[in-house]
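Visitor:
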Amino acid sequence: MRLVEIARFVDDVASATRFYRDVLGREPNRTGEGVAEFDLEGVTLRLHAKTPPAGGMPPVEDHLAFEVHDLDAAVAAMEVAGHRIEMPPATYPWGRAAWLRDPEGRLVELCGRSSSVTVSDR
Numbered sequence: 001m002r003l004v005e006i007a008r009f010v011d012d013v014a015s016a017t018r019f020y021r022d023v024l025g026r027e028p029n030r031t032g033e034g035v036a037e038f039d040l041e042g043v044t045l046r047l048h049a050k051t052p053p054a055g056g057m058p059p060v061e062d063h064l065a066f067e068v069h070d071l072d073a074a075v076a077a078m079e080v081a082g083h084r085i086e087m088p089p090a091t092y093p094w095g096r097a098a099w100l101r102d103p104e105g106r107l108v109e110l111c112g113r114s115s116s117v118t119v120s121d122r
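Mapping of the sequence shown onto UniProt numbering: residues 1 to 122, in sequence order.
1) Throw me the rounded Cβ distance for the residue 26 and residue 16 pair, which I believe falls under 8 Å.
2) What number of angstroms, rounded off, separates the C-alpha of residue 75 from the C-alpha of residue 44?
3) Compute the Euclidean distance between the alpha carbons of residue 77 and residue 49, then round it to the nearest angstrom.
4) Starting from the Cα of residue 105, find the closest Cα among 97, 62, 90, 89 and give me that residue.
5) Assuming residue 17 is part of the beta strand (DSSP E), what are its boundary residues?
6) By Cβ distance, which residues of its chain are closer than 6 Å to residue 2, with the 5 residues on each side in sequence left out?
7) Measure the CB-CB distance between residue 28 and residue 41 and report whether it falls below 7 Å.
8) Indicate whether residue 100 and residue 6 have their beta-carbon atoms separated by less than 7 Å.
9) Tell me the rounded alpha-carbon separation between residue 59 and residue 19.
10) Please report the distance separating the alpha-carbon of residue 47 from that of residue 14.
11) Could you give the first and the last residue of the continuous beta strand (DSSP E) run that contains residue 77?
12) Who does residue 128 pair with in a DSSP beta bridge?
Okay, structure coming up:
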C-alpha cells in the first residue's frame, strides 16, 4: 500500500493553486477546468473545485488515497476490522476505488489502479 493522492476540495481553485505554488515553490504539473495537480515525488496533490457529486459518485470531501494491490481484499479486511465502508468497490472513469471513514470521520480512498490519475481522468 502506498499513498498516491491528497485531494483538497476548494472554493477557488485559482487562489488555492497560487497558494500551493508559493508553498511548494513550483508550478502545478497539470491544470484543467476546476482542477490543478502538483506532483510531489510520486504523490499527487489534487485541488478540485467544490461541486456536488453526481449520482453514484464518491463524496466531495478532502481525502487521502492509497493504492492497494487487491482492492476487494483490502476492503474486506477493513470490514472485518470493523471500519466503516462509505462506498464499496466500484469502477469509476479513473479506475476501481472504495471509500471508508477513519476513526475521526475523515474520508479515505482505497484504489486499485497501478498508474497515477490525470486531470482528464477525473
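Idealized CB from N, CA, C, for every residue including glycine.
Guide: In short, the structure shows the following:
1) About 15 Å; that fails the 8 Å criterion.
2) 22 Å
3) 32 Å
4) 62
5) Note, residue 17: premise wrong, no beta strand (DSSP E); alpha helix (DSSP H) at 13 to 24.
6) 67
7) no
8) no
9) 24 Å
10) A straight line joining the alpha-carbon of residue 47 with that of residue 14 spans about 9 Å.
11) Looking at the DSSP string, residue 77 is not in any beta strand (DSSP E); the run it does join, the alpha helix (DSSP H), is 71 to 80.
12) Past the edges of the chain, shown from 1 to 122, lies residue 128, and the structure says nothing about it.
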